[in-house]
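Input: a single structure, listed below in structure tokens.
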Amino acid sequence: MTVAAMELVNLKKSIGNKDIIKGLSFSINRGEVFGFIGPNGAGKTTTIRMMVGLINISEGDVLIQGHSIKKDFKQAVREVGAIVENPEMYPFMTGWQNLKHYARMMPGVTEERMLKVVKLMGMEKAIKEKVGKYSLGMRQRLGIAQALLHKPSILILDEPTNGLDPAGIREMRAHIRHLAREENVAVIVSSHLLSEIEQMCDRIGVIKNGEMVTLQQVGAQDNDNLVHQLTVTPITKAKQFIQEEFALQVVEQDGILSFHCKKEQMPAVIKSLVENNCSIYEANVVNGTLEDQFFELIGENTIE
Amino acid sequence: MSRLFKLIQNEQAKIYIRKSTWIMYIILFAIIIAGAFLTDKFSDLNEDYQGDDWREVLQEENKDLQKEMEKDEYAASINPETIAKNNYYLENDIQPAPYGTWNFVTENAVLMMLVSLLTIIVAGGIIANEFRWGSIKLLLIRPISRSGILLSKYLATLLFGLYTTIFLFITSWIVGAIFFGVGDMNPEIVKQTANGFTSVSLLQETFTQYGYQLVPLIMMTTLAFMISAVFRNSSLAIGISIFLMMGGNTFIGFLAEKEWAKYILFANLDLSQFADGRTPMVNGLTLEFSITMLAIYYVVFLAMSWIIFTKRDVAGQ
Chain X
2 MTVAAMELVN LKKSIGNKDI IKGLSFSINR GEVFGFIGPN GAGKTTTIRM MVGLINISEG
62 DVLIQGHSIK KDFKQAVREV GAIVENPEMY PFMTGWQNLK HYARMMPGVT EERMLKVVKL
122 MGMEKAIKEK VGKYSLGMRQ RLGIAQALLH KPSILILDEP TNGLDPAGIR EMRAHIRHLA
182 REENVAVIVS SHLLSEIEQM CDRIGVIKNG EMVTLQQVGA QDNDNLVHQL TVTPITKAKQ
242 FIQEEFALQV VEQDGILSFH CKKEQMPAVI KSLVENNCSI YEANVVNGTL EDQFFELIGE
302 NTIE
Chain G
15 MSRLFKLIQN EQAKIYIRKS TWIMYIILFA IIIAGAFLTD KFSDLNEDYQ GDDWREVLQE
75 ENKDLQKEME KDEYAASINP ETIAKNNYYL ENDIQPAPYG TWNFVTENAV LMMLVSLLTI
135 IVAGGIIANE FRWGSIKLLL IRPISRSGIL LSKYLATLLF GLYTTIFLFI TSWIVGAIFF
195 GVGDMNPEIV KQTANGFTSV SLLQETFTQY GYQLVPLIMM TTLAFMISAV FRNSSLAIGI
255 SIFLMMGGNT FIGFLAEKEW AKYILFANLD LSQFADGRTP MVNGLTLEFS ITMLAIYYVV
315 FLAMSWIIFT KRDVAGQ
């Protein structure tokens, strides 16, 4: 059996009497991009801080390539590259000096590797400039460069798309996908905006008030319960027909009929409508986006 | 071990890359120049004694001092010391040496106060700034224990103090040489001790003076370092440490009568109070006692920094 890149075992954090994280258990494999989603204050950053040993774990453990972050910090953290919250580098040093600083702290980071990472993040020009002059996007890139120096098996990026423009977000997505595919890195990406990271994730975990509400593959859809839409005339007749003939709940809105049914049922529905002299102009399957499910799951943006 | 050197190298790079550090050095340099200028202008540089008639000059000076004592009560209280010193020169047939760069270096031992101040500023910021910049998070997720990080920061601070002391020493020597000439390579000066005046090596005196000053430098720097680690606030660390360094002796002045005054850090900082011919600030102080107290304070400061820095959660601001 292969060891998961990272495994959370009933991870808990309480401060005083308050339970901030209430027992998280999941694992992430190499080559996978894991989206860690939750509203602000749900405990994403607290969990990430525990993953990298910045704060103490109240109960449970985090295993990185089999090493416990609690008992075997150095071995475990060697496998991790991370940005926690904002990529805060030293503003009075150049990008290169910042990288050099972190390179000195880890074994086996050569000048060659540094150049390679700089090239990978497309920062050849900016690297000689002081970080104080960088745009937020540049700082995010330098942050990732810093996290990649020692060839980690896990990359943890806290809100990597924060403050990026749409082009920057696209680029970031491409980088992250590339890292997971080509370098076989397990990537954990946190965000409070599902739409920004949905496209780059293989799997998504939604956290709310310190608990994992759902954990699912991206792209996996419930084929038995798709939303279908029909633009049809005469509309009242068609609505009545579908309800009676197929026993489905139909909603009429803006001249469009919507109803839930199995994929396999649709040809029959359309065929019988045509046979009954209804004109069909358009038939659609509506992709229930994760976004909708996300809102269903977490409801209001409340913090307990 | 090489890892620790690299960490110290990192910390030093972060200290010396910043403009504020260089401004400190420029200020120190300016003060040394100003000191040399004022000394040259207004101090008695023993020039009167450099002729062949230095004995007559000394005798003449003693006569003048005697006359002054008859007229003025204040002079009566301070002049005997100068007369005794002059007599020592005459009796032992030692010609007073001219003022040279080594004298200037020795006098600049008072500037060690400023070196302490600068080192306190560095110590106060070295941990707190990482928290302020947010870079502490990237620093602590490396395969290095927090103790290792803390140690490298502490050693880098002490090294800054050491380099700045050396800077003060060498710059003073060069500036002194330009203003007053190099003088003898191993000059002697006459100094009052418990057994009256004696002639001592000036070089030895120089190193002793700087040595005494290193004690408060290290203690106050360690205090600032502790406050920086505990409260993560550089202004607080720098403010408290400088206030205590400046005001410490005044408190002791007020509290000298109290039984417990000798346990206060500031009563023990100045080890020169145990030198020949001086009385300690507080009754009951001895050199051994002071060294013990200093060691206890030092260990407490470092232990506090270590416990807080290694155990505490690094959470958001």
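So the sequence lines, in the order shown, correspond to chains X and G.
Residue numbers for the first sequence follow the numbering used here, so the first one is 2 and each next one is one higher.
Residue numbers for the second sequence follow the numbering used here, so the first one is 15 and each next one is one higher.
Just so it is clear, CB atoms sit at the ideal spot from N, CA and C, and this is done for glycine as well.
From a predicted model like this one, the values you see are computed outputs, not experimental measurements.
Quiz item: Could you give the residue range of the beta strand (DSSP E) that holds N143(G)?
Solution: By one-based count along the second sequence, residue 143(G) stands at place 129. Going by DSSP, N143(G) is part of no beta strand (DSSP E) but of the alpha helix (DSSP H) stretching over 142 to 147.
Exercise. Ignore the nearest five residues each way along the sequence and tell me which others in I236(X)'s own chain have a CB closer than 8 Å to its CB.
Key: What you label residue 236(X) is simply residue 235 of the first sequence in a count that begins at 1. Only E253, G256, L258 meet the Cβ criterion.
Quiz item: Do you know offhand how far I16(X)'s Cα is from N57(X)'s?
Solution: Numbered from its first residue, the first sequence carries residue 16(X) at position 15. Numbered from its first residue, the first sequence carries residue 57(X) at position 56. In a straight line, the C-alpha of I16(X) is about 10 Å away from that of N57(X).
Quiz item: Does the Cβ of Q227(G) have 16 or more other Cβ atoms within 10 Å, making it buried, or fewer, making it exposed?
Solution: Working through the second sequence from its first residue, we reach residue 227(G) at position 213. Classification of Q227(G): buried, given that the 10 Å Cβ count is 16 or more.
Quiz item: Which parts of the region 88 to 176 of chain G are runs of the alpha helix (DSSP H), unbroken and 4 residues or longer, counting only runs that do not cross its ends?
Solution: Whole alpha helix (DSSP H) segments, 4+ residues: 115 to 121, 126 to 140, 142 to 147, 150 to 153.
Quiz item: Rounded to a whole number of angstroms, what is the C-alpha to C-alpha distance between A146(X) and N30(X)?
Solution: By 1-based counting over the first sequence, the position of residue 146(X) is 145. By 1-based counting over the first sequence, the position of residue 30(X) is 29. Those two C-alpha atoms are separated by around 21 Å.
Quiz item: Thinking C-alpha only, which one of E212(X), F242(X), V251(X) is nearest L227(X)?
Solution: By 1-based counting over the first sequence, the position of residue 227(X) is 226. Minimum Cα distance to L227(X) is reached at V251(X).
Quiz prompt | alpha helix (DSSP H) segment containing Y282(X), residue limits | solution = Here residue 282(X) is taken as the residue at index 281 of the first sequence, counted from 1. From DSSP, Y282(X) is part of no alpha helix (DSSP H) but of the beta strand (DSSP E) over 280 to 287.
Quiz prompt | Interface partners of I31(G) on chain X, CB under 7 Å | solution = As a first step, residue 31(G) is located in the second sequence; it is residue number 17 there, counting from the start. Those are F93, M94, listed as they occur along chain X.
Practice problem: Determine the DSSP secondary structure at Q218(X), reduced to helix, strand or coil. | Solution: Taking the first residue of the first sequence as 1, we reach residue 218(X) at position 217. Strand at Q218(X).
Quiz item: Out of curiosity, what's the CA-to-CA distance linking G139(G) and S249(G)?
Solution: Within the second sequence, residue 139(G) is the residue found at index 125, counting from 1. Within the second sequence, residue 249(G) is the residue found at index 235, counting from 1. Using only the alpha carbons, I get a separation of about 8 Å.
Practice problem: For my contact list, V287(X) and Q230(X) are in at a C-beta cut-off of 8 Å; report their separation, rounded to the angstrom. | Solution: Indexing the first sequence from 1 puts residue 287(X) at position 286. Indexing the first sequence from 1 puts residue 230(X) at position 229. Q230(X) and V287(X) do touch by the CB rule: their CB atoms are close to 6 Å apart, below 8 Å.
Self-check item: Residue environment, R292(G), which counts as buried when at least 16 other CB atoms sit within 10 Å
Solution: In the second sequence, the residue the question calls residue 292(G) occupies position 278. Looking at its Cβ environment, which holds fewer than 16 other Cβ atoms inside 10 Å, R292(G) is exposed.
Exercise. Just mark I157(X) as buried or exposed, buried being the case when its beta carbon has 16 or more other beta carbons within 10 Å.
Key: Start at 1 with the first residue of the first sequence, and residue 157(X) comes out as number 156. With 16 or more neighbouring CB atoms inside 10 Å of its own CB, I157(X) falls in the buried class.
Practice problem: Kindly say whether R178(X), judged by its beta-carbon, lies nearer than 8 Å to any beta-carbon of chain G. | Solution: Residue numbering aside, residue 178(X) sits at position 177 when the first sequence is read from its first letter. Closer than 8 Å: no.
Self-check item: is_contact[G42(X), chain G] using C-beta, thresh 8 Å
Solution: Within the first sequence, residue 42(X) is the residue found at index 41, counting from 1. Taking CB atoms only, G42(X) has no neighbour in chain G less than 8 Å away.
Quiz item: Are the C-beta atoms of I322(G) and some chain B residue less than 8 Å apart?
Solution: Of the chains in the structure shown, none is chain B; the protein chains are X and G.
Quiz item: Looking at the C-beta of E305(X), does it have a partner C-beta in chain G at a distance below 8 Å?
Solution: Taking the first sequence and counting its residues from 1, one reaches residue 305(X) at position 304. Because the pLDDT of E305(X) is 39, which lies under 50, any placement of that residue in the model is unreliable, and the question is left without a value.
Exercise. Report all residues from its chain with a CB closer than 7 Å to the CB of K167(G); omit the five preceding and five following residues, and keep chain order.
Key: Translated into the one-based positions of the second sequence, residue 167(G) becomes position 153. Cβ neighbours of K167(G) beyond the five flanking positions: E25, I140, I141.
Quiz item: Thinking just about the alpha-carbon of each residue, which of Q66(X), A83(X), H68(X) is nearest to the one in I49(X)?
Solution: Within the first sequence, the letter at position 48 stands for residue 49(X). It is A83(X).
Quiz item: At least one CB of chain G closer than 8 Å to the CB of M201(X): is that the case?
Solution: Stepping through the first sequence from its first residue, residue 201(X) is reached at position 200. Not closer than 8 Å to any Cβ of chain G, the Cβ of M201(X) fails to qualify, so no.
Quiz prompt | Cβ neighbours of N263(G) in the same chain (closer than 7 Å, five flanking residues each side left out) | solution = Position 249 of the second sequence, counting from 1, holds the residue named residue 263(G). These residues qualify, in order along the chain: F280.
Self-check item: Selection from Q23(G), A50(G), Q109(G), V119(G) that minimises the alpha carbon distance to G65(G)
Solution: If you number the second sequence from 1, residue 65(G) lands on position 51. The shortest C-alpha separation from G65(G) is found at Q109(G).
Quiz item: What are the boundary residues of the beta strand (DSSP E) that S191(X) is part of?
Solution: Along the first sequence, one-based indexing puts residue 191(X) at 190. 187 to 192 is the span of the beta strand (DSSP E), which, as asked, contains S191(X).
Quiz item: Using 8 Å as the Cβ pair cut-off and three pairs as the minimum, do the region 43 to 58 of chain G and the region 67 to 84 of chain G touch?
Solution: In short, these stretches do not touch, since the Cβ pair count stays below three.
Quiz item: For the region 128 to 148 of chain G, which residues have a CB atom closer than 7 Å to at least one CB atom of chain X, in sequence order?
Solution: Hits within the stretch, in order: W147, G148.
Quiz prompt | Whole-Å CB distance - G197(G) paired with W116(G), under 8 Å assumed | solution = Stepping through the second sequence from its first residue, residue 197(G) is reached at position 183. Stepping through the second sequence from its first residue, residue 116(G) is reached at position 102. Your pair G197(G) and W116(G) checks out as a contact, with CB atoms roughly 6 Å apart and the cut at 8 Å.
Quiz prompt | For S259(X): DSSP bridge partner residues | solution = The residue given as residue 259(X) occupies position 258 in the first sequence. BP columns for S259(X) point to Q230(X), V252(X).
Quiz item: If you compare alpha carbons, which of T185(G), Y224(G), L164(G), G210(G) is closest to M318(G)?
Solution: One-based indexing of the second sequence puts residue 318(G) at position 304. The residue with the shortest Cα to Cα distance from M318(G) is L164(G).
Quiz item: If we count the other Cβ atoms within 10 Å of its Cβ and call it buried at 16 or more, is T234(X) buried or exposed?
Solution: Start at 1 with the first residue of the first sequence, and residue 234(X) comes out as number 233. It is exposed - the Cβ of T234(X) has fewer than 16 other Cβ atoms within 10 Å.
Quiz item: Identify the residues that DSSP records as bridge partners of V229(G): which are they?
Solution: Taking the second sequence and counting its residues from 1, one reaches residue 229(G) at position 215. Answer is none; V229(G) lacks a bridge partner.
Practice problem: Could you pull out every residue in the same chain whose Cβ sits closer than 6 Å to the Cβ of K13(X), ignoring the five residues on either side in sequence? | Solution: Stepping through the first sequence from its first residue, residue 13(X) is reached at position 12. I22, G24, S59, E60, G61, listed in sequence order.
Quiz item: Should K151(G) and E89(X) be called a contact, given that it needs their Cβ atoms to be closer than 8 Å?
Solution: If you number the second sequence from 1, residue 151(G) lands on position 137. If you number the first sequence from 1, residue 89(X) lands on position 88. Taking 8 Å as the Cβ cut-off, K151(G) and E89(X) qualify as a contacting pair.
Quiz prompt | Integer-rounded CB distance, given that I198(X) should sit under 8 Å from G36(X) | solution = One-based indexing of the first sequence puts residue 36(X) at position 35. One-based indexing of the first sequence puts residue 198(X) at position 197. Going by Cβ atoms, the distance from G36(X) to I198(X) rounds to 5 Å, so yes, they are a contact pair.
Practice problem: Drop a sphere of 10 angstroms on the beta-carbon of H179(X), count the other beta-carbons inside from all chains shown, and report buried for 16 or more, exposed for fewer. | Solution: One-based indexing of the first sequence puts residue 179(X) at position 178. Per the 10 Å Cβ criterion, exposed.
Quiz item: Which two residues bound the contiguous alpha helix (DSSP H) that contains T162(X)?
Solution: Translated into the one-based positions of the first sequence, residue 162(X) becomes position 161. Per DSSP, T162(X) belongs to no alpha helix (DSSP H) and is neither H nor E.
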